[in-house]
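Residue numbers (our numbering): 12 to 668. Beta carbons: idealized from backbone N, C-alpha and C, even for Gly.
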Amino acid sequence: MLLFRVLLSLSFALTALASPEKDAIALEDAKARLNETSPDVINELSLFVRSVEMSPESLSCYHCKSLIKKLKKFSETNTAFVTSGVELCSIVRPLLNRSLKDICVEGVTEHGPLVAEVLRTIQDVEKSAAATLLCNNFLQVCPAATVGSKIDLPPPPTKLPEPKSSDGEGSYKVIHFSDLHIDPLYEIGAIGECSNPFLCCRTVSGHTKSPSGPFGYAKKCDTSYDLEESMYRATKELAGDANYTIFTGDIVDREVWHTSPETNAKTIHEAYDRMKKVFPHFYPAVGNHESSPANSFPLAVESGKKYDIKWLYGLLSSLWKGTQVGQVESEHYRGRYSYRDTQRGLRVIGINTNLYYYLNLWLYMEPMNPDPEGQLKWLVQELAAAEQMGEKVWIIGHMPMGDVDVMRHSSNMFNQITSRFSHTISAMFFGHTHLDQYQISYKDGAKQTAGNASVISFIAPSITPSDGNPAFRVYDVGKVSHNVLDSTTYFTDMSDPRYQRGPKWKSLYSIKSIFPGAFKPHVGGDMSSVPISAERWHTLTEMWEIYPKVFQVYWKNKVTGTDPKYCNTECRKKEICLVRGGRAEDNCAGMTPGVKLGDGRPRQLEARRAEGEGSDSAAHAHEQVNHCGGSSLILNALGTLFDPDLQAKLRQVVRQA
12 MLLFRVLLSL SFALTALASP EKDAIALEDA KARLNETSPD VINELSLFVR SVEMSPESLS
72 CYHCKSLIKK LKKFSETNTA FVTSGVELCS IVRPLLNRSL KDICVEGVTE HGPLVAEVLR
132 TIQDVEKSAA ATLLCNNFLQ VCPAATVGSK IDLPPPPTKL PEPKSSDGEG SYKVIHFSDL
192 HIDPLYEIGA IGECSNPFLC CRTVSGHTKS PSGPFGYAKK CDTSYDLEES MYRATKELAG
252 DANYTIFTGD IVDREVWHTS PETNAKTIHE AYDRMKKVFP HFYPAVGNHE SSPANSFPLA
312 VESGKKYDIK WLYGLLSSLW KGTQVGQVES EHYRGRYSYR DTQRGLRVIG INTNLYYYLN
372 LWLYMEPMNP DPEGQLKWLV QELAAAEQMG EKVWIIGHMP MGDVDVMRHS SNMFNQITSR
432 FSHTISAMFF GHTHLDQYQI SYKDGAKQTA GNASVISFIA PSITPSDGNP AFRVYDVGKV
492 SHNVLDSTTY FTDMSDPRYQ RGPKWKSLYS IKSIFPGAFK PHVGGDMSSV PISAERWHTL
552 TEMWEIYPKV FQVYWKNKVT GTDPKYCNTE CRKKEICLVR GGRAEDNCAG MTPGVKLGDG
612 RPRQLEARRA EGEGSDSAAH AHEQVNHCGG SSLILNALGT LFDPDLQAKL RQVVRQA
């Protein structure tokens with residue numbers, strides 16, 4: 012599966028070979044590789060290609076599970092699985108792009124052993140909930156598997172406390188930034204538009220038409236040290252009087268096919284050292300890129316095995332110690348914590364959302380645990396304690412719990428919790444998507460009304476310029492209610508001809524300035540005291556349904572001042588559904604059978620060629636793109652072997668076998 016995901020990513024990142032001559036050369040190269048390939052690999056590849064050729068369906072639950080069965084045959088040992096994967100890399104690589112051999116091989120070598128371990132826990136593929144979830148999460152085939160999603164909750168109090176009024180309470184500021192993705196190998200003058208589909212700006216090769224500057228390069232490069240420092244200076248200049256700072260994770264760059272605990276630890280340690288010089292006190296979260304291999308967060312019961320990441324949790328605990336404001340209520344434990352600011356009546360709870368990330372392969376090991384490490388049970392205990400003490404709560408994590416990347420059963424359980432404690436939770440803060448977003452949770456996702464809206468998630472854009480301009484947020488927060496009263500996004504425009512002389516950071520928008528109609532005060536009230544609540548956000552989405560121009564304002568700001576693809580009526584409906592999708596099963600993602608890329612995009616195989624030929628971008632603009640996922644090297648390439656172009660070439664190759 013690892014290799015298949017590599018292939019999928021490469022096949023979408025690059026166009027097919029451009030000429031019949033190159034096609035012929037590639038086919039001969041692939042055929043020659045058969046001599047270096049074991050008979051078992053050749054036999055299974057031949058059987059798979061022929062089975063797809065005989066079937067009228069290009070992609071189905073049957074095909075996906077058949078592929079898992081074939082992969083299991085090679086997973087008896089980790090070494091055997093990796094060896095077979097590397098052999099398959101050598102066959103298929105010439106059919107895609109010669110320059111990517113190292114990525115394919117290194118990706119298989121790094122992630123393959125974990126994939127093999129997961130496959131070995133799956134006994135009966137047809138009856139396996141894990142196998143069904145793999146097919147559903149990555150290819151949108153097979154019905155969503157039923158994994159226990161009921162969590163025990165204490166009964167609500169007989170009388171809820173009166174909501175704390177925001178009128179005249181005053182406010183304080185909070186800085187929120189996310190997804191640094193610092194690249195220690197970033198070089199000034201390197202190639203910004205390289206052949207690597209994942210990460211550039213690392214190789215200096217004479218004259219280039221797209222040289223990287225000191226302050227970064229848009230789209231294909233991660234964050235330079237100079238860009239990081241520029242952002243820190245901007246936060247002090249624009250919000251130097253902020254009382255709190257929130258950092259929602261992801262420090263390490265996106266070279267996910269080649270990581271090590273040593274290099275990750277060095278990057279993380281140095282980044283937090285720089286952060287502490289600017290922000291002595293902050294509330295952090297652990298991102299999915301911090302582990303090695305990327306996205307690998309083995310459960311506590313797996314400690315002592317090869318992939319144990321005590322090194323990461325121990326490092327974070329030492330680096331986070333003393334940085335949070337308030338009384339320690341629950342010590343740092345495997346990426347989670349709880350602090351009480353008793354003077355303000357606020358409890359800040361940090362959770363490790365990687366325990367619910369669909370690319371964390373440990374979650375597919377059978378028997379599956381619906382509440383990994385008991386974190387949700389612990390969260391209930393913390394919220395119940397806050398409720399009893401009359402405290403307000405912020406929840407902080409990396410991945411939004413209604414995101415396209417979250418395990419749906421985990422999101423369902425989390426939503427049960429936030430619905431029960433909605434009167435206690437003032438706000439939730441996340442990152443991960445690299446986009447400027449908000450998301451509404453409802454007490455009942457089937458009844459999405461303003462009165463049923465319960466909690467709002469504030470999802471910060473990224474510093475790395477993968478999906479838009481670098482950006483961060485500053486919130487105005489009520490001193491008593493701890494509700495967010497306004498949200499301002501600051502950005503720097505990388506298209507400015509003077510950008511590389513020094514980024515100029517400025518306000519992109521504030522919520523109340525661009526959507527005043529949704530936040531009108533009650534008679535005699537003051538707009539500055541109206542909270543950015545779930546109820547008000549639902550009202551705003553209703554305005555988007557009626558007034559497309561109002562929606563387009565949100566759509567453009569989502570990519571922090573860059574020029575987004577046009578969003579037509581279908582796209583707008585999908586986006587509104589996503590904003591209302593605080594429970595992941597309600598976010599309209601992954602409804603169409605097809606390939607779900609590692610960046611979170613579900614899309615049909617047939618769309619690839621049409622997009623490459625300049626089709627109307629609006630048809631696909633609604634698909635969420637999470638470049639934070641980055642592990643386009645693990646499982647999603649399942650679907651590339653169903654691609655008609657590659658199938659045709661593989662048939663020619665295996666006929667020689």
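- Figure out for me which residue from 383, 227 and 390 has the closest Cα to the Cα of residue 204. For the residues 383, 227 and 390, the minimum Cα distance to residue 204 belongs to 227.
- Boundaries (first-last residue) of the alpha helix (DSSP H) holding residue 541: Secondary structure note for residue 541: it is in no alpha helix (DSSP H), with a DSSP letter that is neither H nor E.
- Through-space distance from residue 527 to residue 183, alpha-carbon basis: If you take the alpha carbons of residue 183 and residue 527, they lie about 21 Å apart.
- Task: Give me the Cα-Cα distance between residue 319 and residue 279, rounded to the nearest whole angstrom.
- Result: So the alpha carbons of these two residues sit roughly 18 Å apart.
- How is residue 483 classed by DSSP in three states: helix, strand or coil? Of the three classes helix, strand and coil, the one that applies to residue 483 here is strand, per DSSP.
- Task: Might you give, ordered along the chain, the residues of its own chain that have their beta carbon closer than 8 Å to the beta carbon of residue 253, omitting 5 neighbours on each side?
- Result: Excluding sequence neighbours, residue 253 sits near 183, 184, 185, 186, 246 and 485.
- Query: When DSSP builds the beta bridges, which residues end up paired with residue 295?
  - Reply: According to DSSP, which records beta bridges pairwise, residue 295 is partnered with 258.
- residue 351 lies in the beta strand (DSSP E); which residues open and close that run? DSSP places residue 351 inside the beta strand (DSSP E), whose first and last residues are 347 to 352.
- Task: Count the other CB atoms, across all protein chains shown, that sit within 10 Å of the CB of residue 659; report buried if there are 16 or more and exposed otherwise.
- Result: So residue 659 ends up on the exposed side.
- Message: Between the stretch 358 to 365 and the stretch 388 to 398, can you find at least three pairs of beta-carbon atoms closer than 8 Å?
- Response: The answer is yes - the stretch 358 to 365 touches the stretch 388 to 398, with three or more Cβ pairs under 8 Å.
- Task: Could you check what DSSP says for residue 272 in three-state terms: helix, strand or coil?
- Result: The three-state secondary structure of residue 272, taken from DSSP, is helix.
- Task: Compute the distance between the beta-carbons of residue 356 and residue 493, then report whether it is under 9 Å.
- Result: Their beta carbons are under 9 Å apart, which means residue 356 touches residue 493 by this criterion.
- Per-residue DSSP class, three states only, for residue 134: Looking at residue 134 - three-state DSSP - the assignment turns out to be coil, as it is neither helix nor strand.
- Task: Might you give, ordered along the chain, the residues of its own chain that have their beta carbon closer than 6 Å to the beta carbon of residue 124, omitting 5 neighbours on each side?
- Result: Counting only Cβ-Cβ distances below 6 Å, and skipping sequence neighbours, we find 89.
- Query: Since residue 119 contacts residue 96 with CB under 8 Å, what's their CB separation in whole angstroms?
  - Reply: So it is a contact: roughly 4 Å between Cβ atoms.
- Using DSSP bridges, identify the partner residues of residue 469. Answer is 440 and 449.
- Inspect the beta-carbon positions of residue 593 and residue 442 and report whether they are closer than 9 Å. Contact: no.
- Message: I need the DSSP call for residue 563, collapsed to helix, strand or coil.
- Response: In the three-state DSSP reduction, residue 563 falls in the helix class (H, G or I).
- What three-state label does DSSP hand residue 511 in the structure shown? Under the three-state reduction of DSSP output, residue 511 falls in the helix class.
- Message: Classify residue 127: buried if its beta carbon has 16 or more other beta carbons within 10 angstroms, exposed otherwise.
- Response: Buried: at least 16 other Cβ atoms inside 10 Å.
- From which residue to which residue does the alpha helix (DSSP H) around residue 325 run? Counting along the chain, the alpha helix (DSSP H) containing residue 325 begins and ends at 321 to 331.
- Touching by the beta-carbon criterion (3+ pairs, under 8 Å), the stretch 584 to 591 and the stretch 466 to 482: Contact between the stretch 584 to 591 and the stretch 466 to 482 is absent, because fewer than three Cβ pairs lie under 8 Å.
- Could you tell me whether the stretch 231 to 240 touches the stretch 208 to 221, using the rule of 3 or more Cβ pairs below 8 Å? Three or more Cβ pairs closer than 8 Å define a contact, and the stretch 231 to 240 meets that threshold against the stretch 208 to 221.
- Task: Identify which residue in 35, 160 and 42 has its Cα closest to the Cα of residue 596.
- Result: Considering only 35, 160 and 42, the residue with the shortest C-alpha distance to residue 596 is 160.
- Item | Residue from 260, 258 and 192 whose Cα sits closest to the Cα of residue 231 | Nearest C-alpha to residue 231: 192.
- Task: Count the other C-beta atoms from every protein chain shown that fall within 10 angstroms of the C-beta of residue 383, then say buried if there are 16 or more, exposed otherwise.
- Result: Classification of residue 383: buried, given that the 10 Å Cβ count is 16 or more.
- contact_flag[the stretch 546 to 566, the stretch 509 to 517] where n(CB pairs < 8 Å) is 3 or more: They do not touch, by the three-pair rule.
- Apart from the five residues just before and just after residue 263, which ones in its own chain have a Cβ nearer than 8 Å to its Cβ? Only 192, 193, 270, 275, 278, 279, 298, 300, 301 and 305 meet the Cβ criterion.
- Query: Between residue 326 and the rest of its own chain, which residues show a CB-CB distance below 8 Å, the 5 nearest in sequence each way excluded?
  - Reply: Contacts found: 276, 279 and 280.
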